[in-house]
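Student: The following block contains the structure, expressed as structure tokens.
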Amino acid sequence: MLIDPIKGIEIENIGVFQSESVVEAIKPEDSTSLFIITGESRVTTVDLQTGAVTHAELAHDENSSLGQIGTFDATSDGARLFVGFIRDDEGRRGFVVNEIRVDDTIFWHVLAVIEPDDLPMHFAISENGQRLYTVSPFENSIAIYDITDLHLTAYRTSVARLLRGS
Numbered sequence: 173m174l175i176d177p178i179k180g181i182e183i184e185n186i187g188v189f190q191s192e193s194v195v196e197a198i199k200p201e202d203s204t205s206l207f208i209i210t211g212e213s214r215v216t217t218v219d220l221q222t223g224a225v226t227h228a229e230l231a232h233d234e235n236s237s238l239g240q241i242g243t244f245d246a247t248s249d250g251a252r253l254f255v256g257f258i259r260d261d262e263g264r265r266g267f268v269v270n271e272i273r274v275d276d277t278i279f280w281h282v283l284a285v286i287e288p289d290d291l292p293m294h295f296a297i298s299e300n301g302q303r304l305y306t307v308s309p310f311e312n313s314i315a316i317y318d319i320t321d322l323h324l325t326a327y328r329t330s331v332a333r334l335l336r337g338s
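Counting from 1, position 144 in the sequence shown corresponds to residue 316 in the working numbering; the numbering is continuous, with no gaps.
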């Protein structure tokens, strides 16, 4: 558990409203880093123990932009960031993610690019850090990826009907 020394509050995963500068921030559970992503596809890393601040530009296609809130996550150790991008020419622009880029947070290399068949609106890493879940409300589907090799391991459609008990 990390405590903000100024405000005295526990620092955990933080989501903020999208603005011109900050899109979202996250503090992975087993990491001492706070990652802040901005609308310019830039990640600012704050080491919460030393106060050191570094910046990195996220590689992405020129015709894409960052996804909305809920399209940014990290492994619990903070070693990898998962960032959703939206193609600017997409018909549902602003609502779905066309690709999820996985970045190494030491050297800021793109480790992988996941291009889901059913475009998700949100995604999240499981609590145990072994799976990536993507949720597509337009297709009523959930896809599950293995974090180790980033391959699709399970896929389920008609999820909304199952949840309503139909």
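All residues carry an ideal CB built from backbone N, CA and C; glycine is no exception.
Is it true that the CB of S203 sits closer than 8 Å to the CB of D275?
Tutor: As a first step, residue 275 is located in the sequence shown; it is residue number 103 there, counting from the start. As a first step, residue 203 is located in the sequence shown; it is residue number 31 there, counting from the start. Not closer than 8 Å, so no.
Student: Would you say L291 and N270 are within 8 Å of each other, going by their C-beta atoms?
Tutor: Numbered from 1 along the sequence shown, position 119 holds the residue referred to as residue 291. Numbered from 1 along the sequence shown, position 98 holds the residue referred to as residue 270. Contact flag set, yes.
Student: Which of the three DSSP states, helix, strand or coil, is assigned to F244?
Tutor: As a working note, residue 244 is residue 72 in the sequence shown. Here F244 sits in strand by DSSP.
Student: Hey, F295 and V307: beta-carbon distance below 8 Å or not?
Tutor: Position 123 of the sequence shown holds residue 295. Position 135 of the sequence shown holds residue 307. Going by C-beta atoms, F295 is nearer than 8 Å to V307.
Student: DSSP state of F279, grouped into three classes?
Tutor: Position 107 of the sequence shown, counting from 1, holds the residue named residue 279. Coil, per DSSP.
Student: At which residue ranges does the stretch 192-237 contain complete beta strand (DSSP E) runs of 3 or more residues, listed in the order of the chain?
Tutor: Within the stretch 192-237, the complete beta strand (DSSP E) runs of at least 3 residues are 194-198, 205-210, 214-219 and 225-229.
Student: Ends of the beta strand (DSSP E) at V255?
Tutor: Counting from one through the sequence shown, the residue named residue 255 turns up at place 83. From DSSP, the beta strand (DSSP E) with V255 extends over R252 to R259.
Student: Using a Cβ-Cβ cutoff of less than 6 Å, which residues in the same chain neighbour R273 once the five nearest sequence positions on both sides are dropped?
Tutor: If you number the sequence shown from 1, residue 273 lands on position 101. Counting only Cβ-Cβ distances below 6 Å, and skipping sequence neighbours, we find V255, V282 and V285.
Student: When DSSP builds the beta bridges, which residues end up paired with L304?
Tutor: Counting from 1 along the sequence shown, the entry for residue 304 is found at position 132. The partner list for L304 (beta bridge, DSSP) reads I297 and Y317.
Student: With distances taken between CB atoms, is the gap from T325 to I316 smaller than 8 Å?
Tutor: Translated into positions along the sequence shown, residue 325 becomes position 153. Translated into positions along the sequence shown, residue 316 becomes position 144. Yes, these two residues count as a Cβ contact at 8 Å.
Student: Count the other CB atoms, across all protein chains shown, that sit within 10 Å of the CB of H323; report buried if there are 16 or more and exposed otherwise.
Tutor: For the purposes of this step, residue 323 is taken as residue 151 along the sequence shown, with counting starting at 1. Classification of H323: exposed, given that the 10 Å Cβ count is below 16.
Student: I'd like the span of the beta strand (DSSP E) that includes L324, first residue to last.
Tutor: Walking along the sequence shown from the start, residue 324 turns up at place 152. It spans L324 to R328 - the beta strand (DSSP E) in which L324 sits, taken as one unbroken run.
Student: Between P200, D219, E196 and I319, which lies nearest to I208 when the distance is taken from Cα to Cα?
Tutor: Taking the first residue of the sequence shown as position 1, residue 208 is located at position 36. Among P200, D219, E196 and I319, the Cα nearest to that of I208 belongs to E196.
Student: If I314 and L304 are in contact, beta carbons under 8 Å, what's the gap, nearest whole angstrom?
Tutor: Translated into the one-based positions of the sequence shown, residue 314 becomes position 142. Translated into the one-based positions of the sequence shown, residue 304 becomes position 132. Contact flag wrong, Cβ pair sits at about 11 Å.
Student: Use the C-beta contact count for A246: other C-beta atoms within 10 angstroms, 16 or more gives buried, fewer gives exposed.
Tutor: As a position in the sequence shown, residue 246 is number 74, starting the count at 1. A246 is buried by the Cβ-count criterion.
Student: Consult DSSP for E287 and reduce its assignment to one of helix, strand or coil.
Tutor: Against the sequence shown, residue 287 aligns to sequence position 115. Here E287 sits in coil by DSSP.
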